[in-house]
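Enquirer:
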Amino acid sequence: MNRIIDISCFSEAAKGKLVNEDYFLPPTYDYDSNIVFAIADGVGSTEHADLASKSAIQAIQKLIAEPNFNIDKAFIYAKEAINKFGFSVATTLTIVHIVNSVIHVGHVGDCRLYFKNENKLIQLTKDHTKYQELLDSGEHSMRNLRNHKERLSTILTAALSNDIELQYDSFDKNILDIADKENVILTLMSDGAYKHWESRPRFSERTMGLPSAFSASLRRRIEKDIIDDYTFLSIKIRIHS
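Going by my numbering, the residue at position 201 of the sequence shown is 201; the numbering climbs one at a time, nothing skipped.
1. Based on DSSP bridge pairs, tell me the residues matched to A38.
2. In the DSSP assignment, find the alpha helix (DSSP H) that holds Y131 and state where it starts and stops.
3. Taking the beta carbon of R202 as the centre, do at least 16 other beta carbons fall within 10 Å, making it buried, or is it exposed?
4. From which residue to which residue does the alpha helix (DSSP H) around Q123 run?
5. Does DSSP put M300 in a helix, in a strand, or in coil?
6. Output the distance between the C-alpha atoms of N144 and L135, rounded to the nearest integer angstrom.
7. Measure the C-alpha to C-alpha separation of N117 and P67 and round it to an integer number of angstroms.
8. Can you tell me where the beta strand (DSSP E) with N174 in it begins and where it stops?
9. DSSP three-state call for R221: helix, strand or coil?
10. Please go through the segment 68-95 and give each complete alpha helix (DSSP H) segment of 4 or more residues, from N-terminal end onward.
11. Between D6 and S204, is the Cβ-Cβ spacing less than 8 Å?
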């Protein structure tokens, strides 16, 4: 069984806001002793965005108490939870489920999952944004889109919503492919956190090597110029074959 050896999480509302529209499930073990964690960011263009993110995560929390947890079932439960609202709601949702040597990921929206490689973070998920969509189309170069990146990155092209059919990305990653010797560090962030990382994507190897140290350093940076609700979740795992 893979063993958690360090965790750090924080989540706060933007300045002047009473409600944090982000919600997260800290790393925990499911019924079958596999590691699960998740993050959701309520879509701000919908009213009661916080209810969508909270309901999605709470549905997953209930599911992990049952045998045979999996990503597909988690998304179905989350969708059923937000379908109960009588008004339009939407949220991003990224779920990580680690079973033996396989990292299972389910993702919709623009929160990001990274793994640590030396003193860098390598993004595993792809943003469901207009910026990424135009970039992927091949019709526009990164250079041509540069001046529009900030605006286009705020436009989501996919989310978990009670107005549309359930769609999400799902993929697996072998934990050994991203391991640093006997450890692997995974980090989930909402856009209010990773935009601060993107602006200066570097800390020392020592800081990056421990989620609690990385968390403290990035949080200090974020709190100097809060731009949105922000959530950070990082976990260091000791791999056991």
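We treat Cβ as the ideally placed atom computed from N, Cα and C, and that holds for glycine. What you are looking at is a predicted structure, and each value in this text was computed from that prediction instead of being measured.
Expert: In short:
1. By DSSP's assignment, A38 forms a beta bridge with L25 and I95.
2. Residues K130 to S137.
3. Exposed, because fewer than 16 other Cβ atoms sit within 10 Å of the Cβ of R202.
4. No alpha helix (DSSP H) holds Q123; the beta strand (DSSP E) holding it covers K120 to Q123.
5. Beyond the ends of the chain as shown, which are 1 and 241, falls residue 300; an answer cannot be given.
6. The straight-line gap separating the alpha-carbon atoms of N144 and L135 is approximately 10 Å.
7. Spanning the two alpha carbons is a distance of roughly 33 Å.
8. Start and end: D169 to N174.
9. In the three-state scheme derived from DSSP, where H, G and I count as helix and E and B as strand, R221 is classed as helix.
10. For the segment 68-95, whole alpha helix (DSSP H) runs of length 4 or above, ordered along the chain, are 71-83.
11. The Cβ atoms of D6 and S204 lie no closer than 8 Å to each other.
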